[in-house]
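Trainee:
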Amino acid sequence: MTLPSAGQRFRDAVASEHPLQVVGAINANHALLAKRAGFKAIYLSGGGVAAGSLGLPDLGITNLDDVLTDVRRITDVCDLPLLVDVDTGFGSSAFNVARTVKSMIKFGAAAIHIEDQVGAKRCGHRPNKEIVSQQEMVDRIKAAVDARTDDSFVIMARTDALAVEGLNAALDRAAACVEAGADMVFPEAITELAMYKTFADLVKAPILANITEFGATPLYTTEELASVDVSLVLYPLSAFRAMNKAAENVYTALRRDGTQKNVIDTMQTRMELYDRINYHAFEQSLDALFAQKKS
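The working numbering numbers the first residue of the sequence shown as 4 and each following residue consecutively.
#1: Given a threshold of 16 other Cβ atoms within 10 Å of its Cβ, counted over all protein chains shown, does Leu64 qualify as buried or as exposed?
#2: At least one CB of chain D closer than 8 Å to the CB of Ala28: is that the case?
#3: Spatial neighbours of Ala160 within its chain, please: C-beta separation below 6 Å, excluding the five flanking residues on both sides.
#4: Quick one: grab the DSSP three-state call for Leu211.
#5: Out of curiosity, what's the CA-to-CA distance linking Val80 and Arg279?
#6: Check for me: the alpha helix (DSSP H) holding Leu292 runs from which residue to which?
#7: Do Ala173 and Val206 come within 8 Å of each other at the CB atom, strictly closer than that value?
#8: Applying the 10 Å Cβ sphere with the 16-neighbour rule, what's the burial state of Ile29?
#9: If you draw a straight line from the alpha carbon of Pro22 to that of Val233, how long is it in whole angstroms?
#10: Which stretch, first to last residue, makes up the beta strand (DSSP E) that contains Phe219?
#11: Could you say which of Leu62, Val89, Gly58, Lys200 lies nearest to Val70 if we only look at CA atoms?
#12: Whose CA, out of Leu83, His128, Gln11, Pro7, lies closest to the CA of Ile158?
#13: Excluding five sequence neighbours on each side, which residues of the same chain lie with their C-beta closer than 7 Å to the C-beta of Ala16?
#14: For Asp61, which residues of its own chain have a beta-carbon under 8 Å away from its beta-carbon, when the five flanking residues on both sides are left out?
#15: Quick one: residues in its chain with C-beta nearer than 8 Å to the C-beta of Gly92, no 5 flanking neighbours on either side, listed in chain order?
#16: Return the residue from the list Leu36, Leu57, Ala164, Ser288 that minimises the CA-CA distance to Asn131.
#17: Entirely within the segment 226–285 and at least 4 residues each: give me those alpha helix (DSSP H) ranges in chain order.
#18: Can Gly111 and Ala37 be called in contact, C-beta distance under 8 Å?
#19: Reducing DSSP to helix, strand and coil, say where Arg76 ends up.
#20: Excluding five sequence neighbours on each side, which residues of the same chain lie with their C-beta closer than 8 Å to the C-beta of Lys297?
#21: List in chain order: all unbroken alpha helix (DSSP H) runs of 4+ residues lying wholly within the segment 38–101.
#22: Of all the options Thr194, Arg259, Asp153, which has the alpha carbon lying nearest to the alpha carbon of Thr220?
#23: When you compare only the Cα positions, how much space is there between Glu286 and Asn32?
#24: Going by C-alpha distance, which of Arg151, Ala208, His128, Gly122 is nearest Glu139?
#25: Could you tell me if Arg14 is buried or exposed, where buried requires 16 or more neighbouring beta carbons within 10 angstroms of its beta carbon?
#26: Out of Val74, Ala256, Gly169, Leu170, which has the shortest C-alpha to C-alpha gap to Ala114?
#27: In the DSSP assignment, what residue or residues form a beta bridge with Ile115?
#28: With a threshold of 7 Å on Cβ separation, who are the neighbours of Gly3 within its own chain once the five nearest residues in sequence on each side are excluded?
#29: Just to confirm before moving on: does the CB-CB distance between Ala256 and Asn247 stay below 8 Å?
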């Protein structure tokens, strides 16, 4: 029996949960934790790759191979469908966008979102963003759609136009992207709940709400977002932020106190880690192999 592709599993997840919660996983270990918690889809943030894997700001510095490395590590161990942030497509031409799409499918991603910022992009919740023309964004979508080797692979159009040109421009871009073949729409840095309903009514495609902390968008609940026809809710870096704060606290305590005794209760235990990564099953296989060799 042929199993559904990653893209089809992502579409099935969107259809089965209203709205679908898509949680950020900064690495393969976090992908397993997200699955254990019951999520049906996960996300790899471009800003997360930049900050987490490279220690750099999210300013268009990351390249395709940087992201593919983390995609492969996640999809190798976790079968949840993975949505990937591919920024502006990792290049200035349709050929770059096509290469990105084909590589993402090959490495096991289920979906991507591609945005309408210029190459020297910024975090979507930072000021002074610059966007390309609507036609250039439409061309990016067309290139992505044409490059698919799996028709179920999801192409999501992200627009940052709201903060730059206003709501009407963002709506026009979203509609144009859907007409060009985008499967879903990601309007970035939304400031009012009702705006999502406006997008949903106009584009007639699933809408993603990016509910990131400390940004321009209020922390709306799933119930609030369902009421305005949002189909997907993204939490891109929630666990990453918590992980970073915990690490800083541990480093500070170690340096200050000369011991980890005062922060030990904030740590995942050794046995909890082994349980989350299925350590004992690997060890038992190794023991069986050694026993076989001895006999």
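Even glycine gets a Cβ: it sits at the ideal position worked out from N, Cα and C.
Mentor: According to the data block:
#1: Taking the first residue of the sequence shown as 1, we reach residue 64 at position 61. The sequence as given places Ile at residue 64; Leu does not occur at that position. That one is exposed.
#2: Chain labels in this structure do not include chain D; a single protein chain is all it has.
#3: The residue labelled residue 160 in the question sits at position 157 within the sequence shown. Here the set comprises Ile144, Cys180, Ala185, Val188.
#4: The residue given as residue 211 occupies position 208 in the sequence shown. Of the three classes helix, strand and coil, the one that applies to Leu211 here is strand, per DSSP.
#5: Within the sequence shown, the letter at position 77 stands for residue 80. Within the sequence shown, the letter at position 276 stands for residue 279. Rounded to whole angstroms, Val80 to Arg279 spans 12 Å at the Cα level.
#6: What you label residue 292 is simply residue 289 of the sequence shown in a count that begins at 1. Counting along the chain, Leu292 sits inside the alpha helix (DSSP H) bounded by residues 282–297.
#7: What you label residue 206 is simply residue 203 of the sequence shown in a count that begins at 1. What you label residue 173 is simply residue 170 of the sequence shown in a count that begins at 1. In this structure, Ala173 does not lie closer than 8 Å to Val206 by Cβ.
#8: Taking the first residue of the sequence shown as position 1, residue 29 is located at position 26. It is buried - the Cβ of Ile29 has at least 16 other Cβ atoms within 10 Å.
#9: As a working note, residue 22 is residue 19 in the sequence shown. As a working note, residue 233 is residue 230 in the sequence shown. If you take the alpha carbons of Pro22 and Val233, they lie about 6 Å apart.
#10: Within the sequence shown, numbered from 1, the residue matching residue 219 stands at position 216. According to the sequence provided, residue 219 is Ala. The question's Phe does not apply to it. Per DSSP, Ala219 belongs to no beta strand (DSSP E) and is neither H nor E.
#11: Here residue 70 is taken as the residue at index 67 of the sequence shown, counted from 1. Of the listed residues, the one whose Cα sits closest to Val70 is Val89.
#12: For the purposes of this step, residue 158 is taken as the residue at position 155 of the sequence shown. When only C-alpha atoms are compared, the closest one is Gln11.
#13: On the sequence shown, residue 16 is found 13 positions in, with the first residue counted as 1. Leu23, Lys43, Ala44, Pro84, listed in sequence order.
#14: The residue given as residue 61 occupies position 58 in the sequence shown. So the qualifying residues of the chain are Gly49, Gly50, Ala53, Ala54, Lys124, Arg125, Cys126.
#15: Along the sequence shown, read from residue 1 onward, the residue named residue 92 stands at position 89. Excluding positions up to five away in sequence, the list reads Asn99, Val100, Thr103, Ile117, Arg143, Ala146, Ala147.
#16: For the purposes of this step, residue 131 is taken as residue 128 along the sequence shown, with counting starting at 1. Checking every option, the nearest Cα to that of Asn131 belongs to Ala164.
#17: 241–260, 273–279
#18: Position 108 of the sequence shown holds residue 111. Position 34 of the sequence shown holds residue 37. Contact flag unset, no.
#19: Within the sequence shown, residue 76 is the residue found at index 73, counting from 1. Helix at Arg76.
#20: Along the sequence shown, one-based indexing puts residue 297 at 294. Correct list: empty, nothing qualifies.
#21: 67–80
#22: As a first step, residue 220 is located in the sequence shown; it is residue number 217 there, counting from the start. Ranking the options by Cα distance to Thr220, first place goes to Thr194.
#23: As a position in the sequence shown, residue 286 is number 283, starting the count at 1. As a position in the sequence shown, residue 32 is number 29, starting the count at 1. Between Glu286 and Asn32, the C-alpha separation is close to 18 Å.
#24: The sequence position of residue 139 within the sequence shown is 136, counting from 1. For the residues Arg151, Ala208, His128, Gly122, the minimum Cα distance to Glu139 belongs to Gly122.
#25: Counting from 1 along the sequence shown, the entry for residue 14 is found at position 11. Arg14 should be labelled buried.
#26: Numbered from 1 along the sequence shown, position 111 holds the residue referred to as residue 114. Of Val74, Ala256, Gly169, Leu170, the residue nearest in Cα terms is Val74.
#27: To locate residue 115, count along the sequence shown from 1; it is residue 112. Answer is Val87, Ile158.
#28: The chain is shown from 4 up to 298; residue 3 falls before or after that span and cannot be answered.
#29: Mapped onto the sequence shown, residue 256 falls at position 253. Mapped onto the sequence shown, residue 247 falls at position 244. Against a cut-off of 8 Å, the Cβ pair of Asn247 and Ala256 comes out as no contact.
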